[in-house]
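Enquirer: In the UniProt record's numbering, the protein residues as written are 1 to 448. Ideal placement from N, C-alpha and C gives every residue a C-beta, glycine not left out. Predicted model, so just to flag it, every value in this text is computed and none were measured. Got a structure here, written out as C-alpha cells. Questions coming.
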Amino acid sequence: MEFQAVIFAAGIGTRFRDIVASRPKCLLPVGSFPLIFYPLNFCSKYGFEEVIIIVLESQKTEIAQRVSKLPLKMKYDFVCLNQEEDYGTADALRLVADRIKTDVLLISCDTITDVDFYPLLNLFRTNDASCVALFDSGSEENSNNIVVPGVKAKHKAERDLVGIDSKNNRLLFLASTTDFQDNFSLPAHLLRSFGEVDIYSNLTDAHMYLIKHWVINYISKSEKFSTIKGELLPFIIKKQLSKPPAAVTNRGLNISEVNFDTNDIFDHIERAELEKRIQETNLSPKSYSKKSKNSEMIKCFAYVAPQNSFCMRINTILNYCIINKKIASLLTDFNLPLISKNATIKSTQITDCCVAENCTIAEKTSIKNTIFGIGCHIEQRTRINDSILMSNVNVEEGVKLENCIICDKATIKMGSTLKNCLVGHNFIVTENTIKERVHLTGEGFMEI
Numbered sequence: 001m002e003f004q005a006v007i008f009a010a011g012i013g014t015r016f017r018d019i020v021a022s023r024p025k026c027l028l029p030v031g032s033f034p035l036i037f038y039p040l041n042f043c044s045k046y047g048f049e050e051v052i053i054i055v056l057e058s059q060k061t062e063i064a065q066r067v068s069k070l071p072l073k074m075k076y077d078f079v080c081l082n083q084e085e086d087y088g089t090a091d092a093l094r095l096v097a098d099r100i101k102t103d104v105l106l107i108s109c110d111t112i113t114d115v116d117f118y119p120l121l122n123l124f125r126t127n128d129a130s131c132v133a134l135f136d137s138g139s140e141e142n143s144n145n146i147v148v149p150g151v152k153a154k155h156k157a158e159r160d161l162v163g164i165d166s167k168n169n170r171l172l173f174l175a176s177t178t179d180f181q182d183n184f185s186l187p188a189h190l191l192r193s194f195g196e197v198d199i200y201s202n203l204t205d206a207h208m209y210l211i212k213h214w215v216i217n218y219i220s221k222s223e224k225f226s227t228i229k230g231e232l233l234p235f236i237i238k239k240q241l242s243k244p245p246a247a248v249t250n251r252g253l254n255i256s257e258v259n260f261d262t263n264d265i266f267d268h269i270e271r272a273e274l275e276k277r278i279q280e281t282n283l284s285p286k287s288y289s290k291k292s293k294n295s296e297m298i299k300c301f302a303y304v305a306p307q308n309s310f311c312m313r314i315n316t317i318l319n320y321c322i323i324n325k326k327i328a329s330l331l332t333d334f335n336l337p338l339i340s341k342n343a344t345i346k347s348t349q350i351t352d353c354c355v356a357e358n359c360t361i362a363e364k365t366s367i368k369n370t371i372f373g374i375g376c377h378i379e380q381r382t383r384i385n386d387s388i389l390m391s392n393v394n395v396e397e398g399v400k401l402e403n404c405i406i407c408d409k410a411t412i413k414m415g416s417t418l419k420n421c422l423v424g425h426n427f428i429v430t431e432n433t434i435k436e437r438v439h440l441t442g443e444g445f446m447e448i
C-alpha cells in the first residue's frame, strides 16, 4: 500500500447554516448522492480500498449508515471528534496520525472534482515532494449567471494568493487575500533563489493534498498547528528555503550525524532520506546556494486543475447551487445513474434531473434541471424548474417552483408559486402562497 486516504467530514457548514441546519454537512444532497460520496468515489476510482473518515462523534451513526448504502466497495474507518472541542484540520489529523503508516492523500468531504489523479501523483513521485496541493482556477467562471435563492446578497468569492515557479510547479507562497489589504510583499530570498515567481490571485485551494508520511509524524509531535491550509502548509512552504541542522561527519564521509532539535521539522524527515540529502549538499553555503531540486529536503508543489476539468469546494450556498446545476453532466461522466432504481416516476416530462431513492413523482408534472433528495413526494400538475429539493419534501398539487431550494421535510401546499426562494427545514408554505426572493423559515420570512 503506497498511499492511505483521509477524508475530513467533521465540518458543520458554518458558511451556509441556512441549508445545512442540524444535518451533517457531508450528507447534503448533491445530485442523487450525499456530498461525501464524491471524494469517496474519487478514492475508489483510483484504487483506494480503505479510507479513514474523520467525523463528529454525535454524527457518526447517521453518516456511517448513509455511507454504508453507497454503491462503493470500500472499507471505512471512522474516527470521531468530540463536538465540544474546537478541532481544526491539523488537530484532527494529529488524532489519526497513529493510523497512518504511509504517504497520504488528504481530501475535504466538500471537494468535488473530476481531475485526473495521475498527473498529480506523478508530480509527487518524480519530484520526491513533501507535499502537492491541488488548486482550482475556474470557480469564478462557474458562478456567472447564478441567482442564489433567498434574500439577495453579495457572495464574495474566496481567493488565495499563490506563488508558483512556473518552470517546475514549485509552490513557493500561499496566503488568503483576506490576510492583506491593498498590497503585499514577497520575501526577497524567494526571488534570489528562484529568479522568477508567478503570483496568482485567481486560484483556490481545493483542499486536496498528497503528503509525505514524515509530515504526519511532525504534526503528531507539534501542537502549534490547528489548520492545514492556514497554518501547516504555509509553514512547510516557507521551510523549503531553510537550512537543516549542521551535520557532523563521523567515521569518514559515508555516515552523517545530525544534531537533532526535536522541535525542528528536519528531525522528522526519515533518517535514510535525510542522510542522502545531507551527503548530496554537504550543507556548505556554496553548495546549498546551488542546490539541485533533488537535494532539497523539503519540497512543495502546486497542481492546477486543467481548464477542461471540474474542481470545486462546496462550502458556500453559491457553490452548492453551482454544483447542483452541473452535477447531472458530472454523474454521466462518472458513469453513475441520475435516477435511483428505487424511485417511482410516472411523469413523462422530466429532463436533466437527479432523483434519489424512495421519491415519488406523479403524472402530469413538468420538471426540468431539478435535484430530488431521498423520499420526496411530488403531486400532479406541478411545474418545477432549476430547483433543489432536499430529503422528504412534499409538494402538493398545482405548485410552481422556479430556482428554489427547499430544505428537509418542508411542505409546499396546493397552488403555491415560489421563485428564487429558500424554504427552511420543516417549514410549511400555506396554500396559494405567491412569493419571490424570500427566505421562508420557522420565524416567518425575510424579504428584500
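Just the C-alpha distance for residue 400 and residue 175, rounded to the nearest angstrom, thanks.
Expert: 45 angstroms
Enquirer: Taking the straight line between their C-alpha atoms, what separation do you get for residue 24 and residue 422?
Expert: 19 angstroms
Enquirer: At the level of alpha carbons, what is the spacing between residue 91 and residue 328?
Expert: Their Cα atoms are separated by approximately 36 angstroms.
Enquirer: What does a CB cutoff of less than 7 angstroms around residue 193 pick up in its chain, not counting 5 residues either side in sequence?
Expert: 241
Enquirer: From 190, 11 and 200, pick the residue whose C-alpha is nearest to that of residue 111; which is it?
Expert: 11
Enquirer: Is there contact between the region 96-115 and the region 37-56, where contact requires at least three CB pairs shorter than 8 angstroms?
Expert: yes
Enquirer: Is there contact here, the region 160-175 with the region 196-209, by at least three beta-carbon pairs under 8 angstroms?
Expert: Yes, the region 160-175 is in contact with the region 196-209.
Enquirer: Rounded C-beta distance between residue 311 and residue 206? I'm assuming under 8 angstroms.
Expert: 5 angstroms
Enquirer: How many angstroms separate the CA atom of residue 27 from the CA atom of residue 47?
Expert: 23 angstroms
Enquirer: Go ahead and pull the three-state DSSP assignment for residue 410.
Expert: coil
Enquirer: Assuming residue 88 contacts residue 226 (C-beta within less than 8 angstroms), just tell me the rounded distance between them.
Expert: Their Cβ separation, rounded to whole angstroms, is 4 angstroms, which keeps residue 88 and residue 226 in contact under 8 angstroms.
Enquirer: For residue 89, report the span of its beta strand (DSSP E) as first-last.
Expert: Unbroken run through residue 89 is the alpha helix (DSSP H), 89-95; no beta strand (DSSP E).
Enquirer: Across which residues does DSSP place residue 75 in a beta bridge pair?
Expert: 50
Enquirer: Please list the terminal residues of the continuous beta strand (DSSP E) segment that includes residue 43.
Expert: No beta strand (DSSP E) holds residue 43; the alpha helix (DSSP H) holding it covers 37-45.
Enquirer: From residue 442 to residue 322, what distance separates their C-alpha atoms?
Expert: Straight-line Cα distance between these residues: approximately 26 angstroms.
Enquirer: Take residue 451 as the anchor and find which of 16, 237, 309 and 371 has the nearest alpha-carbon.
Expert: This structure does not reach residue 451, given that the chain is present from 1 up to 448, and the question cannot be answered.
Enquirer: For residue 385 and residue 402, I'd like the C-alpha separation in whole angstroms.
Expert: 5 angstroms
Enquirer: If we ignore side chains and look at the alpha-carbon of each, how far apart do residue 146 and residue 420 end up?
Expert: 11 angstroms
Enquirer: Buried or exposed: where does residue 320 fall if 16 or more other Cβ atoms within 10 Å of its Cβ makes it buried?
Expert: buried
Enquirer: What distance in whole Å lies between the Cβ atoms of residue 371 and residue 388, which are believed to be in contact at a cut-off of 8 angstroms?
Expert: 5 angstroms
Enquirer: From what residue to what residue does the beta strand (DSSP E) around residue 4 run?
Expert: 3-8
Enquirer: Quick check: what's the CA-CA separation for residue 247 versus residue 301?
Expert: Reliability of the predicted coordinates at residue 247 is poor, the pLDDT of 46 falling under 50, and no value is obtained from them.
Enquirer: For residue 248, does the three-state DSSP call read helix, strand or coil?
Expert: With a pLDDT of 32 at residue 248, under the threshold of 50, the modelled position of that residue is not reliable, and the figure given next carries that caveat. Three-state result, residue 248: strand.
Enquirer: Per DSSP, what are the beta-bridge partners of residue 172 in this structure?
Expert: According to DSSP, residue 172 bridges with nothing at all.
Enquirer: Please state whether DSSP places residue 221 in a helix, a strand or coil.
Expert: helix
Enquirer: Starting from residue 135, follow the beta strand (DSSP E) in both directions and report where the run begins and ends.
Expert: 131-136
Enquirer: In chain order, what residues of the same chain lie with their CB nearer than 7 angstroms to the CB of residue 149, ignoring the 5 residues before and after it?
Expert: The beta carbon of residue 149 sits closer than 7 angstroms to the beta carbons of 403, 404, 405, 420, 421 and 422 from its chain, once the five residues preceding and following it are set aside; these are given in chain order.
Enquirer: Under DSSP, the alpha helix (DSSP H) around residue 332 begins and ends at which residues?
Expert: Its alpha helix (DSSP H) spans residues 317-333.
Enquirer: For residue 402, report the span of its beta strand (DSSP E) as first-last.
Expert: Here the beta strand (DSSP E) through residue 402 covers 400-402.
Enquirer: Please name the residue in 351, 375, 381 and 354 whose C-alpha comes closest to that of residue 364.
Expert: 381
Enquirer: Applying the criterion that 16 or more other CB atoms from any shown protein chain within 10 Å of the CB defines a buried residue, is residue 101 buried or exposed?
Expert: exposed
Enquirer: Closest to residue 269 by C-alpha separation, out of 196, 356 and 216, would be which residue?
Expert: 216
Enquirer: Express the C-alpha separation of residue 86 and residue 391 in angstroms, rounding to a whole number.
Expert: 29 angstroms
Enquirer: Using beta-carbon positions only, say whether residue 374 and residue 362 come within less than 9 angstroms of one another.
Expert: no
Enquirer: Go through its chain and collect everything with a Cβ distance to residue 115's Cβ below 7 angstroms, but skip five positions before and after it.
Expert: Correct list, in chain order: 134, 305, 309 and 311.
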